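Quick note: the sequence shown, position 229, residue 229 per UniProt numbering, numbers continuous.
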Amino acid sequence: MDLSGKVAVVTGSGRGLGLAYARALAAAGASVVVNDVDPAAVDAAVAEVPGSVGVAAAVGATESAERLVATAVEAFGRLDVLITNAGILRDRVLWKMTDDDFDAVIEVHLRGTFTCARAAAIRMRAQGTGGRIILISSPAGQRGNFGQTNYAAAKAGIAAMARTWALELARSEITVNAVVPVAATEMTRTIPAFAPAIEEAERTGQPYPAWLRRDEGLGTVDDVTGLITFLASDASKGITGQAIGIGGDRLALWSHPAEKSVVHRDGGWSAAEIAAAWNFEQETYGIPAAK
């Protein structure tokens, strides 16, 4: 996949998945602006990603978003691709989650995605040559996850924003999609069902076992980069407004929320009538436990 001549901004690309995205885009020929809140991580990423420039800033504030876009334009003359990967965790069950826990995660994930996408959309529309906005969501945003009120809400909002912005930016030929990655990161290494297999693979240098890669859809960070590169390319021109999962050997299209079962009653429904008629097969919720 050739991305020569394209310019990309990748937020949260000082390490982990974001750094893998930046490396893959550069390997395909793109010029990349890397970003992290940690200046040392930015410097290390710039040294690792050929031809890149870096911006040390916390996403969320409008000023940070505009600085990222301005850096791309100043360094490379344009902006074609935005990947909003920056994020933090403040996991707590509902009754223990503080205002600061909630606000910090929403600020980085949800507001950071909004401000960066807005700045990118303004630039891309002004250029008049289309563009690619790739938002990073999560299985937690699709299904919910214990102890992650803030994170799940933000990631669900990101998927909703992808569908909304796909509508709004269609005439400008700017596609917007949400990627739902599953990869071995510092977070997933702590999951008891995954940790022994990940540790063994890292110790021996052998691939992750088939049950992990296929059944659980979990692989390395580099397993996610093919989808990112594809969505950043001209080959993905007709794909927008989608939530696409990838991890290990699995590639999946997530369904959008839709009415599953509908019944009607002339004159409407009282509480007693709902109780008498309730026969819906309820939806499952929560990320399924690893097998």
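Glycine included, C-beta positions come from ideal geometry on N, C-alpha and C.
Quick caveat, the model's predicted, so the values are computed rather than measured.
Beta-carbon spacing of residue i, residue j below 9 Å
| i | j | result |
| --- | --- | --- |
| I134 | H109 | no |
| G217 | D249 | yes |
| I158 | I136 | yes |
| A40 | V32 | no |
| A104 | M161 | no |
| A20 | V224 | yes |
| S13 | D38 | no |
| L79 | M124 | yes |
| G245 | W254 | yes |
| P181 | S138 | yes |
Helix, strand or coil at residue i according to DSSP, with G and I counted as helix
| i | result |
| --- | --- |
| P209 | coil |
| residue 327 | The structure shown does not extend to residue 327, since the chain spans only 1 to 291, so no value can be given for it. |
| V182 | coil |
| A271 | helix |
| V105 | helix |
| Q148 | strand |
| I198 | helix |
| D36 | strand |
| G247 | strand |
Cβ-heavy atom distance, residue i to the ligand ATP, below 8 Å
| i | result |
| --- | --- |
| I158 | In terms of ligand content, the structure shown is empty, and the ligand ATP therefore cannot be addressed. |
Residues near residue i by beta carbon distance below 7 Å, same chain, minus five either side
| i | result |
| --- | --- |
| G147 | D91, R92, V93 |
| V46 | V34, S52, V53, G54 |
Reference residue i; option with closest CA among the options
| i | options | result |
| --- | --- | --- |
| K107 | G144, N145, S64 | For the sequence presented, residue 107 should be read as Glu rather than Lys. Of the listed residues, the one whose Cα sits closest to E107 is S64. |
| H256 | V33, S233, Y208, Q142 | Q142 |
| A75 | V7, W165, G247, F230 | V7 |
| A30 | A154, L3, V55 | L3 |
| S236 | A271, T175, Q282 | T175 |
| D222 | G16, L169, G5 | G16 |
| A153 | E48, Q206, M1, F102 | F102 |
| W211 | E259, G144, A290, A61 | A290 |
Contact set for residue i: own chain, Cβ-Cβ below 8 Å, skip 5 residues either direction
| i | result |
| --- | --- |
| Y208 | A184, A197, I198, A201, L218, G219, T220, G248 |
| I228 | Y21, A24, L25, I83, I134, V179 |
is_contact[residue i, chain B] using C-beta, thresh 9 Å
| i | result |
| --- | --- |
| V46 | Although the question refers to chain B, the structure presented lacks it and comprises just one protein chain. |
Expected contact under 8 Å - CB spacing of residue i and residue j to nearest Å
| i | j | result |
| --- | --- | --- |
| V263 | A277 | 7 Å |
| V69 | A119 | 5 Å |
| Q242 | N177 | 5 Å |
Close Cβ partners of residue i (< 6 Å) along its chain, the five nearest in sequence each way excluded
| i | result |
| --- | --- |
| F280 | S261 |
| E173 | G130 |
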